[in-house]
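Colleague: Chains as they are written, first to last, in numbering that gives the first Met the number 0: chain F, 0 to 144; chain X, 0 to 265. C-beta atoms are modelled at their ideal positions from N, C-alpha and C, and glycine is treated no differently. One structure follows; several queries about it will come next.
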Amino acid sequence: MTTKPRLRETGAAAKRPISITAVVDCVGALASHSVHGHLYLYDTNKAGGSTGFGTEELRTKVRRGDQLLWNVLALECEAFVSIDDIVIDRDVIEPERKIYPGTDVAYWIGTVKKDDVQSVPYQIKFKVGTRTDPITTTLSPALFG
Amino acid sequence: MPQQLAVIVLVDVGNALESQTLNGNTYLFDNMKLQGSQNQGTGDLVTAINGSYWQDGSQASEQVLNWLPYSLGSIPPTVPRGYEAERARQTDEQALAELEDLAVKSSAAGVDAAAELNRIRQSAGRRVKTTRRTRGRLSGQKVLDVTGKVVSNGGTEAHSYPAPVITDIYGQAVDEKVIYPAEYGSPDLVTDGWYWSATVDTSRPGTYAYTMRIQLHRLVQQGGEPLWEPVNLTCESRIRVITEPKRNAFTKAGLGLLPIPPRPFS
């Protein structure tokens with residue numbers, strides 16, 4: 000009888016960026032010209048202590064050196080939404096717009112520069128549907144250390 | 000035309016694999032918030048489904064539910080279909096071009112061919128091993144990280160999890176013949192050609208639970224090769240069938256009952 004090689008889990012020690020995902024109800028946002036009530040924020044650092052999942056005031060727990068990656072999902076797959084800008088204290092993090100290679104789909108990425116940040120609120124500007132002027136968050140998500 | 004109701008199942012795959020449960024790691028949404036769905040964006044969504052008749056009481060076509068499973072924190076589903084396969088091809092081509100370049104340069108003094116080869120090998124990544132049990136849409140793909148770059152060493156770099164796959168929908172709502180779910184092939188761009196859908200018998204108002212069996216994939220090493228190992232978990236959700244007639248959900252036409260009365264030409 001042959002023995003099957005043991006499965007060894009990979010990536011356990013790997014440092015994964017903390018992804019912050021905004022889910023936008025585009026139809027609701029376009030109807031009311033606001034993302035208030037039509038935005039749900041999540042991150043992948045629940046185990047690390049982030050709070051406010053599914054709200055507009057997600058609080059992401061961060062440490063110096065953490066890579067943060069923002070992306071966005073539309074609630075309806077036919078609708079278009081993208082992040083136009085992230086307005087945040089540039090002394091803490093400088094998010095940059097990048098593109099998934101070979102596509103025109105963007106994400107924003109940056110590295111936390113400070114330790115023990117108290118609470119750093121920020122705003123996200125979204126491009127929704129065919130509207131040319133972006134819609135900005137009214138309630139603020141935040142980073143904290 | 001049936002009314003298409005969508006339920007998005009957003010899974011924090013990393014945490015779900017870590018804690019071996021979808022409870023607390025699954026967030027559900029639908030597009031019926033204005034019809035009365037409750038607990039949007041939580042694990043406790045109750046999807047409101049209006050009756051399949053018009054405002055004058057006459058028979059309308061059925062309500063249809065569609066499920067879309069997404070992975071939180073992975074490459075988003077909006078990248079082109081078959082993105083992993085496309086990236087595998089692109090990076091192979093790039094490696095070939097770099098090898099050609101190296102063949103020309105290697106005769107020159109001061110070129111460390113071994114180091115260059117190693118670098119090309121790193122940037123080309125590795126294809127995932129396929130076994131009979133893991134054959135499917137992940138077969139022969141390369142492992143990508145969350146920014147779309149190929150991962151050259153599955154053991155030391157962070158990778159993007161593939162989207163979760165619904166493999167069954169069952170439970171009270173199915174047993175009591177309120178929903179009739181099945182998996183369908185589709186040219187849809189965001190679900191890799193397959194999706195779960197159900198027609199709803201709206202003649203029996205009430206709240207009914209259903210369970211989704213969801214397959215996640217964990218990257219493991221088998222005999223020194225990376226392999227996506229399937230992990231099957233379940234999560235529950237509910238529908239609430241009500242006796243209200245169908246409502247309009249298209250923009251610029253209000254949220255009135257259907258059908259919208261014809262407007263006189265001005």
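1) How big is the Cα-Cα spacing for G144 of chain F and S49 of chain F?
2) Since V71 of chain F is in the beta strand (DSSP E), which residue starts that stretch and which ends it?
3) Does I165 of chain X pass the burial test, meaning 16 or more other C-beta atoms within 10 Å, or should it be called exposed?
4) Strictly below 9 Å CB to CB, what residues from chain X border G101 of chain F?
5) Could you tell me the alpha carbon to alpha carbon distance between Q66 of chain F and G36 of chain F, rounded to whole angstroms?
6) By how many angstroms is the C-alpha of P180 of chain X removed from the C-alpha of D174 of chain X?
7) So T77 of chain X and V104 of chain F are in contact, right, with Cβ under 8 Å, and what is the actual spacing, rounded?
8) What residue from X:P263, X:R262, X:P258, X:F264 has the CA that sits closest to S51 of chain X's CA?
9) Check whether the stretch 134-141 of chain F touches the stretch 113-120 of chain X, counting contact only when three or more Cβ pairs, one atom from each stretch, lie closer than 8 Å.
10) Please compile the residues from chain X whose C-beta is within a distance smaller than 8 Å of the C-beta of Y121 of chain F.
11) Just to check my reading of the structure: T43 of chain F and D11 of chain X have Cβ atoms closer than 8 Å, yes? What is that Cβ distance to the nearest angstrom?
12) For R217 of chain X, name the three-state secondary structure that DSSP assigns.
13) Entirely within the stretch 222-257 of chain X and at least 3 residues each: give me those beta strand (DSSP E) ranges in chain order.
14) Taking C-beta to C-beta, are G180 of chain F and R86 of chain X nearer than 8 Å?
15) Which residues in the same chain as A172 of chain X place their Cβ atom closer than 7 Å to its Cβ, once the five residues preceding and following it in sequence are excluded?
16) Can you pull the chain F neighbours of N14 of chain X, defined as C-beta to C-beta under 8 Å?
17) Could you work out which residues of chain X lie near S139 of chain F, taking near to mean beta carbons separated by less than 8 Å?
18) Is the Cβ of G109 of chain F closer than 8 Å to any Cβ of chain X?
19) Should E95 of chain F go down as buried or exposed, given a rule of 16 or more other Cβ atoms within 10 Å for buried?
20) Could you name the residues of the same chain whose beta carbon sits closer than 7 Å to that of V150 of chain X, not counting the 5 residues immediately before and after it, in chain order?
21) Taking T20 of chain X as the reference, give the member of X:E83, X:E235, X:P79, X:P263 with the closest Cα.
22) Between the Cα of L40 of chain F and the Cα atoms of F:L72, F:D132, F:D115, which residue gives the shortest distance?
23) Could you check whether the stretch 78-98 of chain F touches the stretch 114-131 of chain F, counting it as contact only if at least three pairs of C-beta atoms, one from each stretch, sit closer than 8 Å?
24) If we count the other Cβ atoms within 10 Å of its Cβ and call it buried at 16 or more, is F28 of chain X buried or exposed?
25) Please determine, among F:L38, F:D114, F:S33, F:T129, the residue with the shortest C-alpha to C-alpha distance to L57 of chain F.
26) For the alpha helix (DSSP H) containing Q89 of chain X, name the first residue and the last one.
27) Per DSSP, what kind of secondary structure is N117 of chain X in: helix, strand or coil?
28) Less than 8 Å between the CB atoms is what I'm expecting for T110 of chain F and G64 of chain F, so what's the real figure, rounded?
29) Identify the continuous alpha helix (DSSP H) that holds D114 of chain F and give its terminal residues.
30) Roughly how many whole angstroms lie between the Cα atoms of I48 of chain X and I241 of chain X?
31) For the stretch 8-85 of chain X, which segments carrying the beta strand (DSSP E) assignment without a break, of at least 3 residues, lie completely within its bounds, in sequence order?
32) May I have the straight-line CA-CA distance separating G27 of chain F from V34 of chain F, to the nearest angstrom?
33) Taking DSSP as the reference, what is the three-state secondary structure of G36 of chain F?
34) Assign P215 of chain X to buried or exposed, taking buried as 16 or more other Cβ atoms, counted over all protein chains shown, within 10 Å of its Cβ.
Modeller: With the structure as the only source:
1) As a first step, residue 144 of chain F is located in the first sequence; it is residue number 145 there, counting from the start. As a first step, residue 49 of chain F is located in the first sequence; it is residue number 50 there, counting from the start. Between G144 of chain F and S49 of chain F, the C-alpha separation is close to 10 Å.
2) Your numbering for residue 71 of chain F matches position 72 in the first sequence. Residues 66-73.
3) Indexing the second sequence from 1 puts residue 165 of chain X at position 166. Its Cβ being crowded by 16 or more others within 10 Å, I165 of chain X is buried.
4) For this step, residue 101 of chain F is matched to residue 102 along the first sequence. Within chain X, the residues V78, P79, Y82, E85, R86, Q89, G147 have their CB atoms less than 9 Å from the CB of G101 of chain F, given in chain order.
5) Residue 66 of chain F sits at position 67 when you count from the first residue of the first sequence. Residue 36 of chain F sits at position 37 when you count from the first residue of the first sequence. Each residue's CA atom was taken as its position, placing Q66 of chain F and G36 of chain F some 28 Å apart.
6) The residue you call residue 174 of chain X lines up with position 175 of the second sequence. The residue you call residue 180 of chain X lines up with position 181 of the second sequence. Rounded to the nearest angstrom, the two C-alpha atoms are 11 Å apart.
7) Start at 1 with the first residue of the second sequence, and residue 77 of chain X comes out as number 78. Start at 1 with the first residue of the first sequence, and residue 104 of chain F comes out as number 105. Sure, about 5 Å apart at Cβ, within 8 Å.
8) Here residue 51 of chain X is taken as the residue at index 52 of the second sequence, counted from 1. The shortest CA-to-CA distance from S51 of chain X to any of X:P263, X:R262, X:P258, X:F264 is the one to X:P258.
9) They do not touch, by the three-pair rule.
10) Counting from 1 along the first sequence, the entry for residue 121 of chain F is found at position 122. Within chain X, not a single residue places a beta-carbon under 8 Å from that of Y121 of chain F; the smallest gap is close to 18 Å.
11) Within the first sequence, numbered from 1, the residue matching residue 43 of chain F stands at position 44. Within the second sequence, numbered from 1, the residue matching residue 11 of chain X stands at position 12. 6 Å between Cβ atoms; contact.
12) On the second sequence, residue 217 of chain X is found 218 positions in, with the first residue counted as 1. DSSP places R217 of chain X within a strand segment (E or B) once states are collapsed to three.
13) 224-240, all fully within the stretch 222-257 of chain X.
14) Chain F is shown only over 0 to 144; residue 180 of chain F falls outside these bounds and no answer can be derived.
15) Mapped onto the second sequence, residue 172 of chain X falls at position 173. Cβ within range, chain order: I178, Y207, A208, Y209, I238.
16) Residue 14 of chain X sits at position 15 when you count from the first residue of the second sequence. Result: T43, K45, A46.
17) Taking the first sequence and counting its residues from 1, one reaches residue 139 of chain F at position 140. Going along chain X, no residue has its Cβ under 8 Å from S139 of chain F, so there is no contact; the nearest lies around 18 Å.
18) Position 110 of the first sequence, counted from the start, is the residue given in the question as residue 109 of chain F. It does not: the Cβ of G109 of chain F has no partner Cβ on chain X nearer than 8 Å.
19) Locating residue 95 of chain F in the first sequence gives position 96, where the first residue counts as 1. Taking a 10 Å sphere around the C-beta of E95 of chain F, we find fewer than 16 other C-beta atoms and assign the residue as exposed.
20) Here residue 150 of chain X refers to the residue found at position 151 of the second sequence. Within the same chain, V150 of chain X has close Cβ partners G124, V142, L143, D144, E156, H158.
21) Working through the second sequence from its first residue, we reach residue 20 of chain X at position 21. Nearest to T20 of chain X by C-alpha distance, out of X:E83, X:E235, X:P79, X:P263, is X:E235.
22) Counting from 1 along the first sequence, the entry for residue 40 of chain F is found at position 41. Comparing Cα-Cα distances from L40 of chain F to each of F:L72, F:D132, F:D115, the minimum goes to F:L72.
23) Touching, yes, given that three or more Cβ pairs across the two stretches are closer than 8 Å.
24) To locate residue 28 of chain X, count along the second sequence from 1; it is residue 29. Buried: at least 16 other Cβ atoms inside 10 Å.
25) By one-based count along the first sequence, residue 57 of chain F stands at place 58. Its Cα nearest to that of L57 of chain F, the residue F:L38 stands out among F:L38, F:D114, F:S33, F:T129.
26) Here residue 89 of chain X corresponds to residue number 90 of the second sequence, with the count starting at 1. Unbroken alpha helix (DSSP H) run through Q89 of chain X: 82-104.
27) Counting from 1 along the second sequence, the entry for residue 117 of chain X is found at position 118. In this structure, N117 of chain X counts as helix in the three-state DSSP scheme.
28) To locate residue 110 of chain F, count along the first sequence from 1; it is residue 111. To locate residue 64 of chain F, count along the first sequence from 1; it is residue 65. About 7 Å separates the beta carbon of T110 of chain F from that of G64 of chain F, a gap short enough to meet the 8 Å contact definition.
29) For the purposes of this step, residue 114 of chain F is taken as residue 115 along the first sequence, with counting starting at 1. Counting along the chain, D114 of chain F falls outside any alpha helix (DSSP H), and DSSP gives it neither H nor E.
30) By 1-based counting over the second sequence, the position of residue 48 of chain X is 49. By 1-based counting over the second sequence, the position of residue 241 of chain X is 242. Rounded to whole angstroms, I48 of chain X to I241 of chain X spans 6 Å at the Cα level.
31) Listed in chain order, the complete beta strand (DSSP E) runs (minimum 3 residues) inside the stretch 8-85 of chain X are 25-29, 45-48, 62-70.
32) The residue labelled residue 27 of chain F in the question sits at position 28 within the first sequence. The residue labelled residue 34 of chain F in the question sits at position 35 within the first sequence. If you take the alpha carbons of G27 of chain F and V34 of chain F, they lie about 8 Å apart.
33) For the purposes of this step, residue 36 of chain F is identified with residue 37 of the first sequence, where counting begins at 1. In this structure, DSSP gives G36 of chain F a state outside helix and strand, which the three-state scheme calls coil.
34) If you number the second sequence from 1, residue 215 of chain X lands on position 216. The question names Pro, but residue 215 of chain X is Leu in the sequence shown. It is buried - the Cβ of L215 of chain X has at least 16 other Cβ atoms within 10 Å.
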